[in-house]
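Heads up: the structure comes next, in structure tokens.
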Amino acid sequence: MIYQIPLQAVPVQKAAFTLGGQEITVSLLPRLGRLYATVFADGLPVVRERICRHAVPLANEAYRPLNGELFFIDTAGSSDPVWQELGSRFILVYRL
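Shown next as structure tokens:
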């Protein structure tokens, strides 16, 4: 299953949701023209300030405490996400 995580076009934000039996928190922060994510699963750090790239999992290592994959998709091409178009052109998805 693939789930879209609702985001807003604001520069700094936090999204919290439950999927795959886990409480997941994603914090987004822009820096130097790029978007960075910090992810926690059940209170455990998964990644800290990982650069957000189009179609690249935020936590792709098997030993990370995340039951699924979390990544951004550019719905109009293959650019990396920018905060100005979060929730419209750039969507955050979770795949179990």
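Sequential numbering of the sequence shown, starting at 1, is according to full-length UniProt numbering.
Cβ atoms here follow ideal geometry from the backbone N, Cα and C, with glycine treated the same way.
Could you tell me the alpha carbon to alpha carbon distance between residue i and residue j, rounded to whole angstroms?
i	j	result
phenylalanine 40	threonine 25	5 angstroms
valine 82	glycine 33	8 angstroms
arginine 23	alanine 15	Contrary to the premise, residue 23 reads as glutamate rather than arginine in this sequence. When rounded, the distance between both Cα atoms is 11 angstroms.
isoleucine 51	methionine 1	24 angstroms
alanine 55	isoleucine 5	15 angstroms
arginine 48	threonine 38	4 angstroms
aspartate 59	leucine 70	Residue identity check: residue 59 is alanine in the sequence provided, not aspartate. Those two C-alpha atoms are separated by around 7 angstroms.
phenylalanine 17	glycine 77	27 angstroms
Among the options, which has the Cα closest to the Cα of residue i?
i	options	result
alanine 9	Thr18, Leu29 and Glu23	Leu29
leucine 35	Leu44, Phe72, Val93 and Phe17	Phe72
glycine 43	Val12, Arg64, Asp80 and Ser79	Arg64
Does the distance from the CB of residue i to the CB of residue j come in under 8 angstroms?
i	j	result
arginine 95	threonine 75	no
leucine 7	leucine 66	no
glycine 21	glycine 68	no
So if DSSP puts residue i in a beta bridge, which residue, or which two residues, is it bridged to?
i	result
leucine 28	Gln13 and Ala37
glutamine 4	Val93
Under DSSP, the beta strand (DSSP E) around residue i begins and ends at which residues?
i	result
valine 93	90-95
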